[in-house]
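Residue numbers for the sequence shown follow our numbering, beginning at 6 and rising by one. From the three backbone atoms N, C-alpha and C, an ideal C-beta is built for every residue, glycine too.
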Amino acid sequence: VTGVQTCALPISDSASTEMSATRALVRASLDLRGIRPSEEEFEAVEADPGALDGLLDDFVQDDRFPDRLISLYHEVYLTQTEGIDLRPNNLEADDTRFFYWEVGQEPLQIIAEVAREDLPYTTIVTADWTMANEDLAAWFPVEWTEGDTGWKKTRYTDGRPAGGVIATNGLWWRYTTTEANANRRRANALTRILVCADYLQRPIAFDQDINLLDEAAISDALHQNPTCVNCHVSLDPIAAHLFGFYWTNFTSPTEGATYHAGKETMWEDLLGTPPGWFGTPTRGFVDLGAAIAADERFPTCAVQQAFERMLRRDATVEDTDDLVALREDFISGDMRLKSLYRDIVDLDVYRAGDVDSERGVPIKMMTPDVLAASVQALTGFSWMRDEIDLMRTDQRGLRALAGGVEGVLVKRPSPAPGATVILSQAALAEEAAQSAMAEESALAQGDRRLFTEVDFTETPDTDRDAFVAQLQRLTLLALGRRVAADAPEIDDRIALWEALYAQEGSIAGAWQGVLIAFLRDPEYLLY
6 VTGVQTCALP ISDSASTEMS ATRALVRASL DLRGIRPSEE EFEAVEADPG ALDGLLDDFV
66 QDDRFPDRLI SLYHEVYLTQ TEGIDLRPNN LEADDTRFFY WEVGQEPLQI IAEVAREDLP
126 YTTIVTADWT MANEDLAAWF PVEWTEGDTG WKKTRYTDGR PAGGVIATNG LWWRYTTTEA
186 NANRRRANAL TRILVCADYL QRPIAFDQDI NLLDEAAISD ALHQNPTCVN CHVSLDPIAA
246 HLFGFYWTNF TSPTEGATYH AGKETMWEDL LGTPPGWFGT PTRGFVDLGA AIAADERFPT
306 CAVQQAFERM LRRDATVEDT DDLVALREDF ISGDMRLKSL YRDIVDLDVY RAGDVDSERG
366 VPIKMMTPDV LAASVQALTG FSWMRDEIDL MRTDQRGLRA LAGGVEGVLV KRPSPAPGAT
426 VILSQAALAE EAAQSAMAEE SALAQGDRRL FTEVDFTETP DTDRDAFVAQ LQRLTLLALG
486 RRVAADAPEI DDRIALWEAL YAQEGSIAGA WQGVLIAFLR DPEYLLY
């Protein structure tokens with residue numbers, strides 16, 4: 006899977022270079038909350054486009070915004086995966102793979118909590134607390150009250166220094182190491198994630214004379230060969246911080262779950278390089294979080310990651326002015342994530358509308374979590390099996406198949422809908438429509454969330470006005486736009502209903518098919 010990209014479809018709802026306020030409302034609502042705007046929100050912006058600003062302010066305060074960050078930052082951290090290397094052979098859990106998926110949420114939940122409490126972004130590397138749920142608390146040495154459930158702020162009890170995400174088992178169970186690697190892989194994970202410095206992206210010309218089967222020769226090259234030293238002179242001191250998380254028995258959940266202060270000085274034997282952060286000496290892990298927070302690349306990286314997640318593409322040179330302005334505001338505002346994401350949705354590039362002669366509008370594709378959340382908000386349906394969310398997991402779910410990031414084999418989201426994305430959308434649509442119709446057909450008309458204009462007794466011949474009103478409402482709720490009563494697509498939807506009714510003989514069943522068509526519409530997936 007290559008690149009975070011945008012798709013382009015010919016949509017002609019505006020002739021300007023900025024999308025309409027209602028389309029901006031739909032885009033920002035999906036990006037910041039994972040759901041489409043309500044009918045009331047849409048009507049407010051229709052009546053007064055200036056109302057959009059107030060709604061955007063509300064979106065970053067919404068309880069769903071921190072949950073969106075979990076999905077967005079998984080694309081950076083790659084921790085919420087069932088493909089963790091550590092495999093304790095005596096780890097008792099009902100579903101071990103799902104337990105690993107929960108473990109990987111730990112650092113992401115810290116980011117979500119920092120946003121929820123509107124704390125400075127530096128908290129993610131300096132906090133003396135972590136996040137855990139009842140499953141993690143059963144295996145990790147954390148403070149926990151028996152009977153508590155769900156994700157809660159807590160603290161480790163094994164003496165590990167404060168460090169926010171960098172002091173979590175969730176990060177170091179995902180990024181393991183070996184004696185020969187000596188935490189170098191972990192060090193690169195830190196620099197890639199937190200200061201956007203990926204050593205693996207550096208161009209390297211390897212010395213063909215080094216015997217890669219000779220450990221002594223490799224060790225000598227790391228300290229003497231100019232090509233090797235170029236990276237390892239800064240990488241190895243970072244790796245030296247992390248031996249408290251080092252373990253030798255990959256089948257022991259006890260060793261892997263606990264911080265080992267007695268191993269902190271193992272760098273003397275395995276690296277021969279004392280701890281430091283890009284030329285600045287430190288006292289070890291206790292200083293690492295503060296060193297990262299003080300690095301001028303830390304806020305720069307945070308801004309770039311947020312920008313790329315929201316635009317679904319890599320930043321380019323042309324984006325420099327926007328990135329610089331975002332960084333200045335981010336720093337002057339004490340590095341608050343809510344403010345950063347609120348600023349991004351105000352950018353001209355974020356709200357770009359028709360920009361070329363073919364009137365092509367930059368369109369983004371829903372990630373699986375947004376697709377699932379939007380369908381749930383619309384229909385009330387969550388696709389669960391044995392308490393596992395099928396659109397957010399992989400071993401038993403469809404996340405990667407639906408275009409998402411699995412974390413180990415698939416590290417970037419799908420740039421455009423492929424066969425498995427379309428099939429996943431179709432399956433979700435069918436399940437959601439069936440569930441919604443079973444619920445709504447049993448409710449009084451005034452109590453329904455979707456079918457408020459029909460009572461499931463009329464046909465187009467007996468009450469066409471009710472049919473048109475219902476289809477207009479579904480178009481607004483599902484596709485985020487108004488449609489005229491005499492629009493050709495209304496006739497097409499009625500024709501679909503009639504064909505289904507002729508085949509099945511069920512009014513509610515025909516409406517279920519129409520709802521499936523809305524949820525399978527490319528315009529639903531692309532926004």
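Is it right to say residue i is buried, meaning 16 or more other beta carbons lie within 10 angstroms of its own, or is it exposed?
{"i": "arginine 288", "result": "exposed"}
{"i": "arginine 317", "result": "buried"}
{"i": "asparagine 600", "result": "One cannot answer for residue 600 here, as it falls past the ends of the chain, which runs 6 to 532."}
{"i": "alanine 262", "result": "buried"}
{"i": "arginine 487", "result": "exposed"}
{"i": "leucine 428", "result": "exposed"}
{"i": "serine 76", "result": "buried"}
{"i": "aspartate 361", "result": "Confidence is the limiting factor: at aspartate 361 the pLDDT is only 46, short of 50, which leaves the residue's position unreliable and the question unanswerable from this model."}
{"i": "glutamate 458", "result": "buried"}
{"i": "threonine 321", "result": "exposed"}
{"i": "threonine 159", "result": "buried"}
{"i": "alanine 33", "result": "buried"}
{"i": "alanine 407", "result": "buried"}
{"i": "methionine 369", "result": "For clarity, residue 369 is lysine in the given sequence; the question names methionine instead. Buried, by the Cβ-count rule."}
{"i": "aspartate 470", "result": "exposed"}
{"i": "threonine 259", "result": "exposed"}
{"i": "glutamine 66", "result": "exposed"}
{"i": "valine 329", "result": "exposed"}
{"i": "glutamate 151", "result": "exposed"}
{"i": "glutamine 450", "result": "exposed"}
{"i": "serine 379", "result": "buried"}
Opposite residue i in the DSSP bridges: which residues?
{"i": "methionine 389", "result": "Asp394"}
{"i": "glutamate 136", "result": "For the record, residue 136 in the displayed sequence is methionine; it is not glutamate. Methionine 136 is bridged to Lys158."}
{"i": "valine 473", "result": "Valine 473 is not bridged to any residue."}
{"i": "valine 147", "result": "Tyr161"}
{"i": "arginine 357", "result": "Reading off the sequence, residue 357 comes out as alanine, not arginine. Its beta-bridge partners are Glu23."}
{"i": "leucine 531", "result": "Met370"}
{"i": "glycine 281", "result": "Pro286"}
In this structure, how does DSSP classify residue i when only helix, strand and coil are distinguished?
{"i": "glutamate 323", "result": "helix"}
{"i": "glutamate 458", "result": "coil"}
{"i": "leucine 60", "result": "helix"}
{"i": "methionine 442", "result": "helix"}
{"i": "methionine 371", "result": "coil"}
{"i": "proline 286", "result": "strand"}
{"i": "alanine 192", "result": "helix"}
{"i": "glutamate 463", "result": "coil"}
{"i": "methionine 271", "result": "helix"}
{"i": "methionine 315", "result": "helix"}
{"i": "lysine 343", "result": "helix"}
{"i": "arginine 332", "result": "helix"}
{"i": "valine 413", "result": "coil"}
{"i": "asparagine 174", "result": "helix"}
{"i": "valine 65", "result": "helix"}
{"i": "valine 130", "result": "helix"}
{"i": "tryptophan 106", "result": "helix"}
{"i": "glutamate 51", "result": "helix"}
{"i": "glutamate 436", "result": "helix"}
{"i": "tyrosine 82", "result": "helix"}
So, for residue i: in the same chain, excluding its five sequence neighbours on each side, which residues have a beta-carbon less than 6 Å away from its beta-carbon?
{"i": "aspartate 334", "result": "Asp348"}
{"i": "arginine 197", "result": "Asp203"}
{"i": "valine 108", "result": "Gly175, Trp178"}
{"i": "alanine 56", "result": "Ala49, Val50"}
{"i": "glutamine 114", "result": "Met136, Trp156"}
{"i": "glutamate 23", "result": "Arg356, Gly358"}
{"i": "arginine 121", "result": "Pro71"}
Take residue i and list the residues in its own chain whose beta-carbon comes closer than 7 Å to its own, dropping the five residues that flank it on each side.
{"i": "methionine 123", "result": "At residue 123 the sequence reads aspartate, which differs from the methionine that was named. Cβ within range, chain order: Arg341, Lys343."}
{"i": "valine 130", "result": "Gly168, Gly169, Val170, Ile171, Leu199, Gly294, Ile297, Ala298"}
{"i": "methionine 271", "result": "Phe248, Tyr251"}
{"i": "glutamate 503", "result": "Pro465"}
{"i": "proline 146", "result": "Tyr161, Thr162, Asp163, Ala262, Thr263"}
{"i": "threonine 372", "result": "Ser76, Gly408, Gly409, Pro418"}
Going by beta carbon distance, what residues of the same chain come within less than 8 Å of residue i, once the five residues before and after it are set aside?
{"i": "arginine 332", "result": "Pro304, Thr305, Val308"}
What ranges does the alpha helix (DSSP H) occupy inside the region 502-527, keeping only unbroken runs of at least 4 residues that lie completely in it? 512-525
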